[in-house]
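**Q**
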Amino acid sequence: MGCGDTPPDAMEEIMWNAGRRSARTQAARILAVAATATIGLLGASTALAADDAGAKDLASRIASVTVFSDRAQVTRRAPVALDEAPAVWAFRRLPGWVDDGSVRVAVTPPDVGRIVDVRVARDHLARATDPELRQAEAAVEEITVEVAALDDEMAVLEAQAKQIEAIKAFSAEKISKDTATRDVSVASFRQVLGFIGDSLRETAKARRDVARKRAALAPELAARQRKLAELRGLTQLEETAVFVTLMGTRRGDASVELTYMLPGATWEPAHELRTLGAAEDRAEVLSFATVTQTSGEDWEDVEIAFATQSSQESIRIPELEALTLGDVPRVTRVIEARAASFSRAQAAFAGQSRAWNEFVQKGNAGVRFEELYDDNVKVFQTIQSRTVRLFQQLQKRGTTAHFRGTGRQTVRGDGRTARVVIGRCALASAPRIVAAPEESLNAAVTLRMVNSGGQALLPGKVALFRDGAFLGMTDLDFIAEGEEFAVFLNVADQIKLARVLDRKASSVVRKARTRMQVAFLVTVENLGAAPATVHLADRVPVSEDRDIRVDQVELTGPEPEPAPDGNGLVHWTVALQPKEKRTLRIAYRIEYPPTLVLQTHAPAADEGGAAPSAAPAKRIHRQIMDLENML
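Residues in the sequence shown are numbered consecutively from 12, following the numbering used here.
And the structure:
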C-alpha cells in the first residue's frame, strides 16, 4: 500500500503499547481483528520477548520497492502454511532502522487466513554472553598469553646479552691489568674469549628463535582480534523483527506480505535524447532513474517504482478548515507518531548503517567494502540533497509523479548507483536554429517537441546523441504531459554572428535630462553550403522607473515583429542562402535624470538596505551605466 493510499474498509489501524498488554486486552484485540486480512501497525516497538524464540521464521524475499527522495518503501513476501490454530511467524534480520510507523502486513488470499496480531521488536545482533563471542575472547586471550610469554623471554635474553657484554668489558680490563703485573697464559685468555663468544652466539640464536615465533603468531593474533572486534561490534548493532500471529480459516498455503519504510535510499531523474533519421524530424527520449541505496538490504531481482511525492505528507481530500488566529496545533496523533517513528529510524541509520552494511556486504564475493563504501556514501548524500530540493520545488507547484521501472532490477546496498529505465517515447521534432547575439555569438540547433509520451519529464541532465555519437550534456526543466518544449542539440557552426555598437549613430547629450541615443548592428552569415533559417532575438530596455523613458525604437531587418513585446524582446526570422550575409539594426533612445549616475555609484551597503520594490529600478540603472561605458 502506498503512503498516500486510502486503506480499504477491511483494514483497521492499530496502535498499542506492547509492554502493557493484559489478557483481557489481548483477547479483545483478537476478537476485533478476527475478520481482518490486512493490518497496519503504527508506533509500538519492543525488545524481543521470551517467547519470540518459538516463532517460526519466514523465508521472505524483497518483491518490490518504491524509492522516494529520502527513503524506500520495501515489500517482502513469504509463503506460509496456515493451520486453524494461531501460530506466530517472524520476519527476522531486518535492519535496525525500520520505521515502525510504516509497518503493514497482509495475507493473500484473504479467505485462507486471518491476522490476529502484529508486533515489531528490536534486539542486538549479538550479546556479550553469546558463546561465539566468549570463544573469540578466549581465543584472543590464549594467543595474547603466548605472545606475552615470548616477550618475557625476549626481555630475559636481552638482559642476558647485556650481562655478557658487561663480563666481556670486565674481562678485557682485568686481562690488561694482569698482563702488566704478571704473566697471563694464552690458554686462560682463549678460555675467557671462548666463553664470551659462545654465550653471545647462544643468546643471539635464542633471540632469533623468539622473534621468529612471535612473528609467526602476529597474523593469527591480528585475525583473532579482528574477529573479536567484529563480534563486539555486533553487540552495538540492532536488528528488527516483525512477529505476525496468523490463524487459518482452514488448512492451506498462503502468502504473507510485509511492507515497511526505512531511510538510506534516494534517486534522481536523468534522460537521453537521440535523433532519428537524417531529417531529425523524430527523436527518442529515454528517461532514467539513477538510484543509490545503503538501506541495509540488497534489492535482488525486484520491481522498482519511483515517486517524487513526499513520503511524510498525508494525501487528503481538499477541503477548507476553520481559519484560526493563534498558535493552535491541529496535527493528528497518527501523523505525529509517524514523524516520530521515522526520526528514530533516521537516528538509528546514522549511527549504525556503516557497521551494518559492512556486516551484510561481506557475504558478497569480490566486494571490497572498506575501500568503496565511504566514497559511495558521499555520492549518495550529494544525490539525496539535490533530489530533496528538486522534489520540494515540484511539490510547491502542486506536481507529483510516479514512475515504474522497466523489468526487474538489482540494486546493491553498498551505495553503488544503478540506472533504471522509467520511460521511453519517440516524439515528432522540428530542428530550429536560434541565436541571441547579445548573450552569445554561437547559434544553437534546438529540437522543438511536444511531450506526447504519456508521462511528465522530470528536471535533470540530458545526454545528447546524434547518429549514435555522443554530443554532450544539457539540462531539462519539468515538462508536463502535452507541453511543448525545446532541447539544445548542438552549436550551429555554419552560422557566424556579430553584434557591434554603431558609434556613428550613438551619442550622449547631457542637459537638464540626459539623452542617450544607442544603435547596434547585428550581422548573421551562413558559411555553409546549404540554406539555413535563423530565428534571431534581441532586446530593447524596458523601464520600470518613471524617471527613465525609452522611446524612438527603430528596427531594421527582414520583417521583424511589429514591436518589442512586453519584455522588450525583438524576434527576427532570417532566411539565408549559402554564403549569404544579412545585417539588422536595432536603435532606441533613453532619457533619464543626470543624478542617476550618482545613485548608481552609491555604496553597496545602501543597496543592501533598499526595499525589494527598488530592485527593477536598480537593474535598469546598471544597464544604463553599462551603455554609457560603451560610448
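Virtual Cβ for every residue (Gly too), placed ideally from N, Cα, C.
A quick note: this is a predicted structure, and the numbers were derived from the prediction, not measured.
Counting only runs of 3+ residues fully inside the segment 497-581, write out the beta strand (DSSP E) ranges in chain order.
**A** Along the length of the segment 497-581, whole beta strand (DSSP E) runs at least 3 residues long occupy 506-512, 518-521, 525-537, 543-550, 560-567, reported in chain order.
**Q** Given a cut-off of 8 Å, decide if MET272 and SER113 are closer than it, judged by their beta-carbon atoms.
**A** yes
**Q** Just to check my reading of the structure: VAL533 and ARG526 have Cβ atoms closer than 8 Å, yes? What is that Cβ distance to the nearest angstrom?
**A** 23 Å between Cβ atoms; not a contact.
**Q** Using DSSP bridges, identify the partner residues of PHE254.
**A** ALA101, ARG130
**Q** Just to confirm my understanding: we take ALA540, look at its own chain, exclude 5 residues before and 5 after, and list those with CB closer than 8 Å. What are they?
**A** PRO589
**Q** For VAL118, count neighbouring C-beta atoms within 10 Å of its own C-beta (all shown protein chains included) and say buried if the count is 16 or more, exposed if not.
**A** VAL118 is classed as buried because its beta carbon has at least 16 other beta carbons within 10 Å across all chains shown.
**Q** From which residue to which residue does the beta strand (DSSP E) around PHE414 run?
**A** 413-415
**Q** Where ALA276 and GLN304 are concerned, what is the direct C-alpha to C-alpha distance, given to the nearest angstrom?
**A** Cα to Cα, the separation comes out at about 4 Å.
**Q** For ALA446, does the three-state DSSP call read helix, strand or coil?
**A** strand
**Q** Have a look at ALA160, VAL116, ALA229, TRP310 and flag the residue whose alpha-carbon is nearest the alpha-carbon of VAL76.
**A** TRP310
**Q** Pick from ARG514, VAL564, GLN363, GLN420: whose alpha carbon is nearest that of GLU602?
**A** VAL564
**Q** SER463 to GLU495, Cα distance in whole Å?
**A** 9 Å
**Q** Name the DSSP bridge partner or partners of HIS282?
**A** SER298, VAL473
**Q** With 16 other CB atoms within 10 Å as the buried threshold, where does MET460 fall?
**A** buried
**Q** Could you tell me the distance, in whole angstroms, from the CA atom of ARG365 to the CA atom of ALA356?
**A** Between the alpha carbons of ARG365 and ALA356 lies a distance of about 14 Å.
**Q** Using 8 Å as the Cβ pair cut-off and three pairs as the minimum, do the segment 256-263 and the segment 97-112 touch?
**A** Judged by Cβ distances under 8 Å, the segment 256-263 makes contact with the segment 97-112, as three or more pairs qualify.
**Q** Are at least three pairs of beta-carbons, each pair with one atom in the segment 161-172 and one in the segment 216-224, less than 8 Å apart?
**A** yes
**Q** Where DSSP assigns a beta bridge to THR86, which residues make up the other side?
**A** DSSP lists SER75, THR270 as the beta-bridge partner residues of THR86.
**Q** Should VAL390 be labelled buried (16 or more other beta-carbon atoms within 10 Å of its own) or exposed?
**A** exposed
**Q** Under the three-state reduction of DSSP, which class applies to VAL123: helix, strand or coil?
**A** coil
**Q** So who's on the other strand from ASP317, going by DSSP bridges?
**A** It is worth fixing the name first, because residue 317 is Phe in this sequence and not Asp. DSSP lists VAL78, PHE414 as partners of PHE317.
**Q** Round the Cβ separation of GLN363 and LEU239 to the nearest angstrom and send it over; I've been treating them as touching at under 8 Å.
**A** Contact doesn't hold; Cβ gap of about 19 Å is too wide.
**Q** Would you check if the distance between the CB atom of SER321 and the CB atom of GLN406 is smaller than 8 Å?
**A** yes
**Q** If you drop the 5 nearest sequence neighbours on each side, which residues of the same chain put their C-beta closer than 8 Å to that of ARG427?
**A** THR303, LEU383, ASN387
**Q** From PRO106, GLY107, VAL129, pick the residue whose C-alpha is nearest to that of ARG115; which is it?
**A** VAL129
**Q** Helix, strand or coil: how does DSSP classify PHE489 here?
**A** DSSP places PHE489 in coil when its eight states are reduced to three.
**Q** Can you tell me which of THR286, ALA89, ARG397 puts its alpha carbon nearest to the alpha carbon of ALA265?
**A** ALA89
**Q** What's the C-alpha gap between LYS224 and ALA147?
**A** 22 Å
**Q** Do three or more CB pairs link the segment 579-598 to the segment 536-550 at distances below 8 Å?
**A** yes
**Q** Tell whether a beta-carbon distance below 8 Å holds between ARG298 and GLY416.
**A** The residue you asked about is not Arg; residue 298 is Ser in the sequence shown. Not a contact, by the Cβ cut-off of 8 Å.
**Q** Once you ignore the five residues that flank ASN453 on each side, which residues in its own chain have a CB closer than 7 Å to its CB?
**A** Cβ contact annotation for ASN453 (same chain, cutoff 7 Å, sequence separation greater than five): VAL502, in chain order.
**Q** Of the choices THR393, ALA447, ALA497, whose alpha-carbon is the least far from that of ILE506?
**A** ALA447
**Q** Can you find the residues in the same chain that come closer than 7 Å, C-beta to C-beta, to GLY442, ignoring five residues on each side of it along the sequence?
**A** Sequence inspection shows Pro at residue 442; the Gly mentioned does not correspond to that position. Closer than 7 Å at the Cβ level, and outside the excluded window around PRO442, lie GLU291, VAL456, LEU458.
**Q** May I have the straight-line CA-CA distance separating VAL553 from VAL545, to the nearest angstrom?
**A** 25 Å
**Q** Following the continuous beta strand (DSSP E) through ALA598, name the residue where it begins and the one where it ends.
**A** Residues 592-603.
**Q** From which residue to which residue does the beta strand (DSSP E) around VAL461 run?
**A** 455-461
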